[in-house]
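One rule links them: number in the working numbering = place in the sequence shown (from 1) + 177.
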Amino acid sequence: MAYKARVRDIRILLKMRRRKNDLSLFRRITGHRLTLGDSEPIMGIMRILRREPSVAGFWRNRGIPLFSVMGIRVVADYSWFLIVALIVGSLSLGWFPSVLPGRSTVQYVSLGLITAFFFFASVFVHELAHSLVSVLNGIPVRRITLFLFGGVAEISREPSDPTTELKIAMAGPIVSAVLAVIFWGIVILFGLGRGRPAAQSSFLYLAVANTFLLFFNLLPGLPLDGGRVLRALIWRSTGSMRRATYLASMAGKAIAVIMIAVGLLLILAARQIISGLWLIMIAMFLRQAADASYRRAVVNQASHSIRVRDVMTRDVVVVQADATLSDLIERYFLHYHFMCYPVVSAGRLTGYVSIKDVSHIDRNDWGNTSVEAVMTRLTSENVLSPGDTIARAVGVMSARGRGRLVVVQDGELLGIVTRGDIMNREGAPL
Ligand SMILES: [Zn+2]
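As structure tokens, then:
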């Protein structure tokens with residue numbers, strides 16, 4: 178049974194394989210939920226089927242919301258629970274039994290839990306510092322994601338000048354430095370040889386961990402904080418954000434290569450297999466993230482110079498307002514490779530309909546619901562004109578939660594522009 182369902186799903190996928198198609202249609206038809214977001218292009222599924230997760234898609238859209246602080250959502254990626262278990266385990270089974278011999282397991286586990294809590298709080302406060310400085314400089318923060326390799330504060334856009342970049346980048350390491358000084362202070366002033374060895378070994382661990390976080394994050398390569406500092410400095414001296422990003426991401430890749438070499442050395446020469454593998458995994462993640470940082474910078478820069486008319490799709494298939502949703506699905510969504518159709522009534526453009534509009538309607542009502550009833554009506558905020566920049570298009574798309582917008586001039590439909598159209602420009606010469 179499972180095999181049959183899979184073959185059918187792949188057939189539907191192949192039918193929809195062009196990247197303009199959404200996962201939500203796939204879900205609607207097959208009833209399968211995939212772990213990527215609904216707006217991920219179909220290429221996302223193809224990647225999953227070919228087992229090639231991309232970093233960008235992989236770390237986003239998943240996880241469990243923990244709490245909000247100052248309007249910033251804090252989300253724990255599923256992979257974060259793995260690192261929590263690893264840290265609690267290594268503290269309770271390794272660190273505490275070795276520095277505090279002769280205690281009970283219950284004591285080791287409670288110390289492990291308490292110390293791990295303060296360790297993750299330290300990571301969180303580091304990200305919170307980046308976020309606060311970002312918000313104070315007028316750049317909203319979407320959310321803070323905790324995951325396998327630490328935390329990420331997802332700022333909503335790249336800083337527009339190197340000084341802001343520098344401030345945001347330095348905020349995290351400064352906080353880690355302050356925490357390290359506090360914990361070392363406690364260890365040195367109150368700890369040494371004056372009883373309370375349990376508390377002292379906990380503080381010692383936190384002091385070492387925050388010192389490590391500080392120096393690791395200051396390594397001068399993207400996506401680490403030190404890489405952002407490097408980028409800001411090159412940006413300030415050359416005036417080119419793109420060039421600065423390129424150099425800082427190359428530095429990030431070089432650091433990743435060195436880390437992989439050190440990891441291999443640990444495994445082969447020192448027989449430290451777990452530490453070695455761990456280092457190599459982090460390095461591979463950093464390498465991919467360094468690449469992604471550069472691509473994002475290119476897209477960001479392109480978005481202010483490329484116009485909607487340069488990327489839009491001109492051959493637009495239109496839907497009549499009185500068509501039913503069944504017609505829309507059968508004759509349009511499954512037939513053409515477009516996922517959004519302008520709607521016309523008596524020859525006039527009145528709105529547009531995408532799979533998102535259909536997804537609220539029960540499948541049984543598709544036959545007796547008209548396209549007009551679910552479509553999004555045109556307003557001046559959800560249409561683009563051909564001279565708008567890609568930056569505006571992206572802004573409208575994210576504000577409206579839509580991946581596609583129609584391009585209209587003097588009431589006449591000129592084309593349609595999609596996230597895919599914009600992303601396809603990524604590699605184009607600027
Ligand atoms: Zn940081």
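A virtual CB, placed ideally from N, CA and C, is assigned to each residue, including glycine.
Separation of Phe515 and Asp492 (C-alpha to C-alpha, rounded to the nearest whole angstrom) is 10 Å. Taking a cut-off of 8 Å on C-beta distances, the region 354 to 364 touches the region 376 to 394, as three or more cross pairs fall below it.
For Val584, the enclosing beta strand (DSSP E) has its first and last residue at 581 to 586. Assigned with DSSP and collapsed to three states, Ser281 falls in coil, not helix or strand. Shown here, Gly327 sits in a strand according to DSSP, grouped into three states. Per the DSSP secondary-structure output, Val560 pairs in a beta bridge with Val583.
DSSP places Ser353 inside the alpha helix (DSSP H), whose first and last residues are 339 to 363. Residue environment for Glu589: exposed (fewer than 16 other C-beta atoms within 10 angstroms of its C-beta).
Excluding sequence positions up to five before and after Ser333, its CB lies within less than 8 Å of the CB of Ile316, Pro317, Val318, Arg319, all in the same chain and listed in chain order.
Where Glu589 is concerned, the enclosing beta strand (DSSP E) starts and stops at 589 to 595. A distance below 6 Å between beta-carbons, with the five flanking residues on each side excluded, links Arg486 to the following residues of its chain, in chain order: Pro563. According to the DSSP secondary-structure assignment, Ser522 is paired through a beta bridge with Arg525.
No Cβ-Cβ contact shorter than 8 Å links Asn545 with Thr490. Counting only residues whose CB is nearer than 6 Å to a non-hydrogen atom of ligand 1, the list in chain order is His303, His307, Gly349, Asn394, Asp402.
Judged by DSSP secondary structure, Pro374 falls within the alpha helix (DSSP H) whose first and last residues are 374 to 394. Distance from the Cα of Thr553 is smallest, within the candidate group Gly572, Asp539, Val571, Arg581, for Arg581. The Cβ neighbour count for Ile321, taken over all protein chains shown within 10 Å, is at least 16; the residue is labelled buried. According to the DSSP secondary-structure assignment, Ser299 is paired through a beta bridge with no residue. In this chain, the alpha helix (DSSP H) harbouring Phe273 covers 273 to 276. If you draw a straight line from the Cα of Asp504 to the Cα of Arg525, it is about 20 Å long. In this structure, the straight-line span from the alpha carbon of Ala409 to that of Thr388 is close to 23 Å.
Going by C-alpha positions, Ile351 is about 27 Å away from Ile457. In the structure shown, the three-state DSSP call for Thr546 is coil. Using a 10 angstroms sphere on the CB of Ser269, the tally of other CB atoms reaches 16 or more, which defines it as buried. For a cut-off of 8 Å, the C-beta gap from Pro519 to Val535 is around 15 Å, too long to register as a contact. Residue pairing for Ile249: DSSP places it in a beta bridge opposite Val246. Using a C-beta cut-off of 8 Å, the region 456 to 470 makes contact with the region 432 to 441, since at least three inter-stretch Cβ pairs fall below that distance. Between Val548 and Ala469, the gap from beta carbon to beta carbon reaches 8 Å or more.
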